[in-house]
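Below: one structure, written as structure tokens.
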Amino acid sequence: MIQELYRKEYGRMVTVLCSRFGIAYIDEAEDIVSDTFLSAAETWGMNGVPSNPVAWLYAVARNNALNYLRHDKVFQQRVKKDLIKDGERTIEMDIDLSDQNITDSQLRMLFAICHPSIPVEAQLSLALRVLCGFTIDEIAQALLTSKGNINKRLFRAKDKLRAEEMEIAFPGENELSARLDTVLLCLYLLFNEGYYSASPDKVLRRDFCLEAMRLTLLLTGHPPTARPSAYALLSLMCFQASRFDARVGEGGELVLYEDQDTSRWDHELIDRGSYFFVQASGRGEVSKYHLEAAIAWWHSHPADEKEKWENILRLYNQLLILEYSPMAALNRAYAFFRVYGKEKAIAETEELKQLSGNLFYHSLLGELYTGVDDKKARQHFEQALNLAGSPAEKDVLEKKLRGN
Amino acid sequence: MKEFALIFRTSTDNSFRPTPAQMQEMLTSWTNWMGGIAAKDKLLDKGSRMGISGSKTIAPGNVITDGPYTEIKEFINGVMYIRAEDIDEAVELAKGCPMLQGGGKVEIRPLVTPDNIS
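Right, here's the structure in full:
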């Protein structure tokens with residue numbers, strides 16, 4: 382009960398308080414909200430859960446915040462002065478916890494966190510902690526790193542926010558486009574962390590994906606940020622998420638796309654994805670999210686195999702021409718194989734020398750050489766096995782080696 | 082890593098009227114070739130293709146003629162920029178250019194950068 386509320390409400394409450402006080406007080410805002418949950422745990426334990434727990438939490442958080450305002454010296458001296466300048470009566474200053482203000486605060490906070498001066502890794506941790514309410518433990522587990530590391534990232538990022546005296550506000554008209562790109566990239570990575578993470582906690586990974594989708598949906602609900610690229614990203618997320626269940630087997634092992642049971646795909650999400658893709662199109666803008674969403678569209682719909690892979694290859698070509706990434710180069714090589722066969726694909730793939738030492742590069746070459754030159758296939762699978770980190774990856778490769 | 086311009090040159094051939102299937106094939110081979118260079122992380126800038134009709138050339142003395150500047154019936158119809166270790170690698174990358182199948186030529190020129198003033 383409290384755990385669910387924490388996940389859902391922690392971020393909202395911190396964000397609203399932070400929007401009100403200023404980013405410099407992010408730690409104080411977190412303290413106030415943590416105290417609120419602590420008193421909930423104590424009081425509800427003794428008196429039973431109130432009929433409207435969220436309203437209870439908001440009321441207590443508001444009181445705690447006002448107490449803080451009355452008693453904290455720093456607040457008295459600095460924040461109060463600022464608030465008086467705004468022509469408000471400090472002590473009775475209200476903290477607006479309406480849905481509209483929560484949404485607005487979250488969007489403004491998203492822009493503050495995804496600031497180009499903060500490293501992407503720190504943006505991710507900060508968004509997960511402050512906007513999505515994941516605990517440090519959960520973040521460390523999903524990002525496969527230590528708690529200490531996450532704490533360090535958060536600490537530095539908050540320092541940066543304070544040092545730059547970052548305002549929690551929407552960027553101006555002329556800045557919006559570039560700033561939105563940074564926000565979208567952070568949400569894209571947030572989604573991928575959930576989708577591709579090797580963490581065994583499936584529920585947690587799904588929650589990461591859902592949070593990324595929720596925040597992207599907020600962007601599309603706000604006219605200035607409802608740009609084609611935001612819709613395209615949301616569409617991509619829907620198509621990918623539709624396969625969330627089908628791509629993980631009973632024992633937690635990865636089920637390759639070709640072997641997935643399509644009846645386990647979430648067709649409602651596929652329809653949502655198509656709807657958002659239409660919203661993203663027709664305004665002349667083609668971002669990398671458009672191209673990736675289009676690729677995901679082909680993967681989510683039954684089609685003639687030849688037509689499908691020709692289109693996917695074309696889209697990967699376009700994606701790479703727009704922006705290089707190792708994953709796109711590998712996926713293009715696979716699509717090349719599906720269109721032109723193994724021999725030609727081997728020649729293309731062997732040329733990607735910059736990817737030597739990449740796990741997926743060697744497993745792709747193993748796949749391509751199978752049946753063409755089994756000795757080489759085996760060498761590449763062995764190289765891949767040496768590079769594999771997670772048991773799920775090792776498992777797939779060992780099967781390949783045995784079958785070879 | 083050095084930077085090179087690939088300049089596409091072709092000559093006018095008004096009799097060439099490709100079928101839709103041929104046009105599709107041209108399009109596919111261009112995107113495959115460019116995508117292949119990009120997949121090696123060697124594409125610097127996809128540059129632009131340049132039109133012929135509707136172009137004009139200005140010469141000194143305000144002499145304006147219709148059409149692109151041509152030398153011996155040959156004109157430039159596009160440019161793109163790549164990265165390569167040296168001119169030999171640049172030549173290798175350029176060899177797959179579909180331009181060559183249609184009788185065109187690809188000129189490979191090193192870009193003059195602060196590190197490479199040659």
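Protein sequences appear in the order of chains W and S. Anchor point for the first sequence: position 279 equals 660 in my numbering, and the numbering is continuous, going up by one each time. Anchor point for the second sequence: position 41 equals 122 in my numbering, and the numbering is continuous, going up by one each time. Glycine included, C-beta positions come from ideal geometry on N, C-alpha and C.
Span of the beta strand (DSSP E) holding residue i?
i: residue 158/S; result: 155 to 165
i: residue 187/S; result: 186 to 191
i: residue 128/S; result: 124 to 130
i: residue 87/S; result: 83 to 92
Out of curiosity, what's the CA-to-CA distance linking residue i and residue j?
i: residue 574/W; j: residue 90/S; result: 46 Å
i: residue 182/S; j: residue 154/S; result: 18 Å
i: residue 391/W; j: residue 600/W; result: 20 Å
i: residue 192/S; j: residue 721/W; result: 34 Å
i: residue 649/W; j: residue 486/W; result: 30 Å
i: residue 576/W; j: residue 158/S; result: 44 Å
i: residue 147/S; j: residue 180/S; result: 24 Å
i: residue 752/W; j: residue 723/W; result: 9 Å
i: residue 119/S; j: residue 410/W; result: 47 Å
i: residue 552/W; j: residue 108/S; result: 40 Å
i: residue 172/S; j: residue 134/S; result: 30 Å
i: residue 504/W; j: residue 605/W; result: 22 Å
i: residue 711/W; j: residue 725/W; result: 14 Å
i: residue 100/S; j: residue 106/S; result: 10 Å
i: residue 678/W; j: residue 705/W; result: 21 Å
i: residue 490/W; j: residue 512/W; result: 8 Å
i: residue 594/W; j: residue 615/W; result: 7 Å
i: residue 784/W; j: residue 397/W; result: 57 Å
i: residue 422/W; j: residue 428/W; result: 10 Å
i: residue 386/W; j: residue 430/W; result: 12 Å
i: residue 519/W; j: residue 185/S; result: 59 Å
i: residue 772/W; j: residue 581/W; result: 10 Å
i: residue 110/S; j: residue 770/W; result: 38 Å
i: residue 479/W; j: residue 529/W; result: 35 Å
i: residue 748/W; j: residue 760/W; result: 11 Å
i: residue 470/W; j: residue 496/W; result: Annotation note: pLDDT 49 at residue 470/W (below 50); position unreliable, no value reported.
i: residue 510/W; j: residue 527/W; result: 15 Å
i: residue 658/W; j: residue 750/W; result: 37 Å
i: residue 567/W; j: residue 140/S; result: 51 Å
i: residue 472/W; j: residue 441/W; result: Confidence at residue 472/W is low in this model, with a pLDDT of 43, below 50, so its placement is unreliable and no value can be given for it.
i: residue 451/W; j: residue 492/W; result: 30 Å
i: residue 344/W; j: residue 745/W; result: No statement about residue 344/W is possible, as the shown extent of chain W runs from 382 to 785 and does not include it.
i: residue 732/W; j: residue 609/W; result: 35 Å
i: residue 149/S; j: residue 766/W; result: 57 Å
Would you mind telling me which residues of chain W sit closer than 7 Å to residue i, beta carbon to beta carbon, in chain order?
i: residue 119/S; result: 701, 702, 705
i: residue 38/S; result: Here chain S has residues from 82 to 199 only, and residue 38/S is not among them.
Can you pull the chain W residues whose beta carbon is under 9 Å from the beta carbon of residue i, in chain order?
i: residue 124/S; result: 701, 702, 705
i: residue 177/S; result: Simply none; closest approach about 10 Å.
Got a sec, what are the start and stop residues for the alpha helix (DSSP H) residue i sits in?
i: residue 608/W; result: Neither: residue 608/W is in no alpha helix (DSSP H) and is coded neither H nor E.
i: residue 169/S; result: 168 to 175
i: residue 769/W; result: Where residue 769/W is concerned, there is no enclosing alpha helix (DSSP H), given that its DSSP letter is neither H nor E.
i: residue 550/W; result: Premise fails: residue 550/W is in no alpha helix (DSSP H) and is neither H nor E.
i: residue 735/W; result: Taken as a continuous stretch (DSSP letters only), residue 735/W belongs to no alpha helix (DSSP H), as it is neither H nor E.
i: residue 358/W; result: Since the first residue of chain W shown is 382 and the last is 785, residue 358/W is not available in this structure.
i: residue 448/W; result: 434 to 452
i: residue 522/W; result: 517 to 523
i: residue 829/W; result: Chain W is shown from 382 up to 785; residue 829/W falls before or after that span and cannot be answered.
i: residue 395/W; result: 383 to 402
i: residue 150/S; result: Premise fails: residue 150/S is in no alpha helix (DSSP H) and is neither H nor E.
i: residue 117/S; result: 101 to 120
i: residue 414/W; result: 407 to 428
i: residue 506/W; result: 501 to 507
Quick one: list the residues of chain S neighbouring residue i, beta-carbon separation under 7 Å, in chain order.
i: residue 710/W; result: 120
Give the residues of chain S in contact with residue i, contact being defined as C-beta atoms less than 9 Å apart.
i: residue 714/W; result: 120
i: residue 695/W; result: 108, 109, 112, 113, 116
Under the DSSP definition of a beta bridge, which residues are partnered with residue i?
i: residue 144/S; result: 140/S
Which residues in chain W sit within 8 Å of residue i, going by Cβ to Cβ distance?
i: residue 159/S; result: Within chain W, no residue comes near residue 159/S; the closest Cβ sits about 14 Å away, beyond 8 Å.
- Query: Listed in chain order, which residues of the segment 720 to 741 of chain W have Cβ atoms closer than 7 Å to some Cβ of chain S?
  - Reply: Answer set for the segment 720 to 741 of chain W: 729, 732, 733, 735.
- Any residues in the segment 124 to 153 of chain S with a beta carbon nearer than 9 Å to a beta carbon of chain W? Which ones, in chain order? Within the segment 124 to 153 of chain S, the residues whose Cβ lies closer than 9 Å to some Cβ of chain W are 124, 127, listed in chain order.
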